[in-house]
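In our numbering, the protein residues as written are 32 to 526.
Note that the Cβ used here is the ideal one computed from N, Cα and C, for glycine as well.
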Amino acid sequence: MSDQEEHALIARRREKLNALREAGRAFPNDFRRDAIAGELHAEYGDRDNEVLEASPVRVKVAGRLMAKRVMGKASFAQLQDMSGRIQLFLQRDGLEDGVYQAFKGWDIGDIIGAEGVMFKTKTGELSVRVETIRILTKSLRPLPEKFHGLADQETRYRQRYVDLIMNEVSRNTFRMRSRIVQFIREYLNDRDFLEVETPMMQAIPGGAVARPFSTYHNALDMDLFLRIAPELYLKRLVVGGYEKVYEINRNFRNEGLSTRHNPEFTMLEFYQAYVDYRDLMDLTEDLLRTMAEQLTGSTTIECQGASYDFGKPFRRMTVRESILAFNPGLSAADIDDPGKARAVAGQLGIPVKDSYGLGKVQIEIFEKTVEGRLADPTFITAYPTEVSPLARRNDDDPFVTDRFEFFVGGRELANGFSELNDAEDQAERFRQQVAEKDAGDLEAMHYDADYIRALEHGMPPTAGEGIGIDRLVMLFTDSPSIRDVLLFPHLRPES
RNA sequence: GGGCCGUUAGCUCAAUUGGCAGAGCAGUGGACUCUUAAUCCAUUGGUUGAAGGUUCGAUUCCUUCACGGCCCA
């Protein structure tokens, strides 16, 4: 960091700001624009210059000065606003005395307001012939270089405002994120789901197998945990009679960071009574297919050099089937027998604890050998009961649950199941989790007595699902890292 | 937590075997009334991420640390 040089550039701009202060109000807020760049291009982009000159269109535009090309007594400038860019054309003789001279002293990055009439240049670019122009906000810090823009990843994440000024790809990514969330809301609202908000601070962190962040409430003199999932609260609402509910909000998990993990991330969770996990697979398939069509215009999503077809029916297979399919050397006996399965896991280099049952061992083998290779949209079903403490047992095979996870590009995007609404079974599962917690598993669940009490009032047969919004946005925006789809991703403090 | 890679001017990047730290853009001064990364002339700007070591001499080699990236757990 060469503070001296930065100071020289900033100091120069600060002198200009001081001159503005001496000349009057340096930070005026009385300019009202009546046009934005994108709409001007949409409305007048097709018109010939003769048409524009014949019936002059007067506009007021405002935005950030992104380019300045001075050629003696005439200049071009690019103004960037929330919708795009529009070119300004300034002539010394077309402006009040002194204004052109002042303009020449303004810097890239300054916020400008201008008024003039629309026309097209010799090369046919729609522009504003400026008649009045003034500076609305002085920018004190130089922007990155105009051609290469801002490339440094760290700066893009730490100073997202600069990234957004400079990189259209980033601007589009977060617009797409907003459209995805809006699409989901409309999709669920149209189907009579009720959007709700449940506690982010919970006395008993539940609904997932993960380590929570803890905090402390002074007045109540009690520990609280940031939620790892809203699940148990949403199901209380189903007990209460809201038979279709959803929440799109942040979860917090006290785990490591990676290109796929941020300590706080956004989940959609939704619950619907009187349907089962197969209905939710159908819904998920339709939701994603429709979303791809409506937001990208195609049912094929291109991401990181791969192509994913959401148009054709999604593949469905059980955990067990998928292990056998991706491990030709394994027989059914190898993964159905606890001793053999442990040996297989050992050969794969998976650390297997004594406390693991067969289901847990199978899931470890699945995660190691299958998950990352599930490229095409795929539902994996029949997760072992041992690793699914909130899911309903399968009627034919109580070793597994009526549960699925959904994968694309080797990444888990969704997790859903028929809900366990047998209060006595749930209580037993909680007790099992507490035993694992007592045995040292920091991720195991607590016993939530109030949740059991809620189930004892009777929860209708229900299915529920969670969809990771960040990963979904990564897929739809061709982003390699979760940090590219979080406006302000978690980083270590700057040194 | 482990392995590998990176950090040089405001930004994007160079720097031969260890031998005077450079360019473009931005900035500054000047020319220029249709530019598009405008052009032309001149010019300012550096604690090479930090600390230590080896050396006559370190951006370059070694150690530790910080931050980031990729892979693994």
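Exercise. Can the beta-carbon of LEU219 be found closer than 9 Å to that of LYS153?
Worked result: Working through the first sequence from its first residue, we reach residue 219 at position 188. Working through the first sequence from its first residue, we reach residue 153 at position 122. It is not a contact, given that the beta carbons lie outside the stated cut-off.
Exercise. Looking at the unbroken alpha helix (DSSP H) that takes in ASP310, where does it start and where does it end?
Worked result: Position 279 of the first sequence, counted from the first residue, corresponds to residue 310. Here the alpha helix (DSSP H) through ASP310 covers 308 to 327.
Exercise. Can the beta-carbon of VAL130 be found closer than 9 Å to that of GLY147?
Worked result: Mapped onto the first sequence, residue 130 falls at position 99. Mapped onto the first sequence, residue 147 falls at position 116. Against a cut-off of 9 Å, the Cβ pair of GLY147 and VAL130 comes out as no contact.
For this session: Tell whether a beta-carbon distance below 9 Å holds between ILE67 and MET113.
Result: Position 36 of the first sequence, counting from 1, holds the residue named residue 67. Position 82 of the first sequence, counting from 1, holds the residue named residue 113. Taking 9 Å as the Cβ cut-off, ILE67 and MET113 qualify as a contacting pair.
Exercise. In whole angstroms, what separates the C-alpha of SER419 from that of LEU451?
Worked result: Taking the first residue of the first sequence as 1, we reach residue 419 at position 388. Taking the first residue of the first sequence as 1, we reach residue 451 at position 420. Spanning the two alpha carbons is a distance of roughly 10 Å.
For this session: State the Cα-Cα distance for the pair THR400 and GLU333, rounded to the nearest angstrom.
Result: Against the first sequence, residue 400 aligns to sequence position 369. Against the first sequence, residue 333 aligns to sequence position 302. Those two C-alpha atoms are separated by around 24 Å.
Problem set entry | PRO369, DSSP secondary structure in three states | Residue mapping note: residue 369 aligns to position 338 of the first sequence, counting from 1. Annotated three-state conformation of PRO369 is helix, per DSSP.
Problem set entry | Residues near ARG291 by beta carbon distance below 6 Å, same chain, minus five either side | One-based indexing of the first sequence puts residue 291 at position 260. Taken in chain order, the residues that qualify are ILE513.
For this session: Can you have a look at PHE507 and say buried or exposed, based on whether 16 or more other CB atoms are within 10 angstroms of its CB?
Result: Within the first sequence, numbered from 1, the residue matching residue 507 stands at position 476. Taking a 10 Å sphere around the C-beta of PHE507, we find 16 or more other C-beta atoms and assign the residue as buried.
For this session: Can you tell me which of the three DSSP states PRO429 falls into?
Result: On the first sequence, residue 429 is found 398 positions in, with the first residue counted as 1. Coil.
Exercise. Cα separation between ARG424 and LEU517?
Worked result: Stepping through the first sequence from its first residue, residue 424 is reached at position 393. Stepping through the first sequence from its first residue, residue 517 is reached at position 486. For the pair ARG424 and LEU517, the Cα-to-Cα distance works out to about 36 Å.
Exercise. Would you call the CB atoms of LEU522 and ARG208 closer than 9 Å?
Worked result: In the first sequence, residue 522 corresponds to position 491, counting from 1. In the first sequence, residue 208 corresponds to position 177, counting from 1. No, the Cβ-Cβ distance between LEU522 and ARG208 is not below 9 Å.
For this session: Report back the beta-carbon spacing between PHE296 and ASN282 to the nearest angstrom; my notes put them in contact at under 8 Å.
Result: In the first sequence, the residue the question calls residue 296 occupies position 265. In the first sequence, the residue the question calls residue 282 occupies position 251. Between ASN282 and PHE296 the Cβ distance is about 6 Å, and since that is below 8 Å, they are a contact.
For this session: Would you tell me roughly how many angstroms separate the C-alpha atoms of ARG202 and ARG116, rounded to the nearest one?
Result: Counting from 1 along the first sequence, the entry for residue 202 is found at position 171. Counting from 1 along the first sequence, the entry for residue 116 is found at position 85. If you take the alpha carbons of ARG202 and ARG116, they lie about 13 Å apart.
Problem set entry | Rounded C-alpha distance that separates LYS391 from ALA250 | Taking the first sequence and counting its residues from 1, one reaches residue 391 at position 360. Taking the first sequence and counting its residues from 1, one reaches residue 250 at position 219. A straight line joining the alpha-carbon of LYS391 with that of ALA250 spans about 41 Å.
Exercise. When you compare each of LEU126, ARG172, LEU121, THR163 to HIS38 by their alpha carbons, which one comes out closest?
Worked result: The count along the first sequence starts at 1 and reaches residue 38 at position 7. When LEU126, ARG172, LEU121, THR163 are compared, the shortest CA-CA separation from HIS38 is found for ARG172.
Exercise. Can we say the segment 359 to 369 touches the segment 326 to 341, given the rule of at least three CB pairs closer than 8 Å?
Worked result: No, the segment 359 to 369 is not in contact with the segment 326 to 341.
Exercise. Is TYR339 helix, strand or coil by DSSP?
Worked result: Taking the first residue of the first sequence as position 1, residue 339 is located at position 308. Shown here, TYR339 sits in a strand according to DSSP, grouped into three states.
Exercise. To the nearest whole angstrom, what separates the beta carbons of TYR277 and GLU226, a pair I think is in contact under 8 Å?
Worked result: Within the first sequence, residue 277 is the residue found at index 246, counting from 1. Within the first sequence, residue 226 is the residue found at index 195, counting from 1. Correct: roughly 6 Å between the Cβ atoms.
Exercise. Which residue or residues does DSSP assign as beta-bridge partners of LYS91?
Worked result: For the purposes of this step, residue 91 is taken as the residue at position 60 of the first sequence. Beta-bridge partners assigned by DSSP to LYS91: GLU146.
Problem set entry | Local conformation of SER209 per DSSP, three classes | For the purposes of this step, residue 209 is taken as the residue at position 178 of the first sequence. In the three-state reduction of the DSSP assignment, SER209 falls in the helix class.
Problem set entry | Outcome for GLN233 when other beta-carbon atoms lying within 10 angstroms are tallied against a minimum of 16 | As a first step, residue 233 is located in the first sequence; it is residue number 202 there, counting from the start. For GLN233, the number of other beta carbons within 10 angstroms of its own is at least 16, and it is reported as buried.
For this session: Work out the CA separation of ILE41 and LEU314 for me, nearest whole Å.
Result: Position 283 of the first sequence, counted from the first residue, corresponds to residue 314. Position 10 of the first sequence, counted from the first residue, corresponds to residue 41. When rounded, the separation of the alpha-carbon atoms in LEU314 and ILE41 is 55 Å.
Problem set entry | Buried versus exposed, by CB contacts within 10 Å (16 or more), ARG378 | As a working note, residue 378 is residue 347 in the first sequence. A quick correction: the sequence has Gln, not Arg, at residue 378. The Cβ neighbour count for GLN378, taken over all protein chains shown within 10 Å, is under 16; the residue is labelled exposed.
Problem set entry | Whether ASN198 touches ASP501 by CB criterion (9 Å) | Your numbering for residue 198 matches position 167 in the first sequence. Your numbering for residue 501 matches position 470 in the first sequence. Contact flag unset, no.
Exercise. Thinking just about the alpha-carbon of each residue, which of THR412, ARG442, ASP252, LEU355 is nearest to the one in ASP10?
Worked result: The first residue shown for the chain is 32 and the last is 526, placing residue 10 beyond what the model contains.
Exercise. Tell me, which residues are paired with ILE117 by DSSP?
Worked result: By 1-based counting over the first sequence, the position of residue 117 is 86. Answer by DSSP bridge pairing, in chain order: LEU110.
Exercise. If you drop the 5 nearest sequence neighbours on each side, which residues of the same chain put their C-beta closer than 8 Å to that of HIS327?
Worked result: As a position in the first sequence, residue 327 is number 296, starting the count at 1. According to the sequence as given, residue 327 is Thr; it is not His. Excluding positions up to five away in sequence, the list reads PHE507.
Exercise. Looking at C-alpha atoms only, which residue of LEU288, GLU467, LEU319 is the closest neighbour of LYS384?
Worked result: Translated into the one-based positions of the first sequence, residue 384 becomes position 353. Cα-wise, what sits closest to LYS384 is GLU467.
Problem set entry | Per DSSP, the bridge partner or partners of MET476 | Translated into positions along the first sequence, residue 476 becomes position 445. Paired residues: none, contrary to the question.
Problem set entry | Buried or exposed by the 16-neighbour rule on C-beta atoms within 10 Å, applied to ARG45 | Residue mapping note: residue 45 aligns to position 14 of the first sequence, counting from 1. It counts as exposed.
Problem set entry | Pairwise C-alpha distance: ALA145 and ALA105 | Here residue 105 refers to the residue found at position 74 of the first sequence. Here residue 145 refers to the residue found at position 114 of the first sequence. When rounded, the distance between both Cα atoms is 16 Å.
Problem set entry | Secondary structure of ILE166, DSSP reduced to three states | Position 135 of the first sequence holds residue 166. Three-state DSSP puts ILE166 in a strand.
For this session: Keeping to the same chain, check which residues put their C-beta closer than 6 Å to that of PRO175; ignore five residues upstream and five downstream.
Result: Position 144 of the first sequence, counting from 1, holds the residue named residue 175. Its chain contains LEU181, MET197 as the residues whose beta carbon lies nearer than 6 Å to that of PRO175, once the 5 sequence neighbours on both sides are disregarded; these appear in chain order.
Exercise. So LEU110 packs on ILE139, CB below 8 Å; how close in whole Å?
Worked result: Here residue 110 refers to the residue found at position 79 of the first sequence. Here residue 139 refers to the residue found at position 108 of the first sequence. Actually they do not touch by this definition, with Cβ atoms about 11 Å apart.
Exercise. For SER289, which three-state DSSP category applies?
Worked result: Stepping through the first sequence from its first residue, residue 289 is reached at position 258. SER289: strand per DSSP, three-state reduction.
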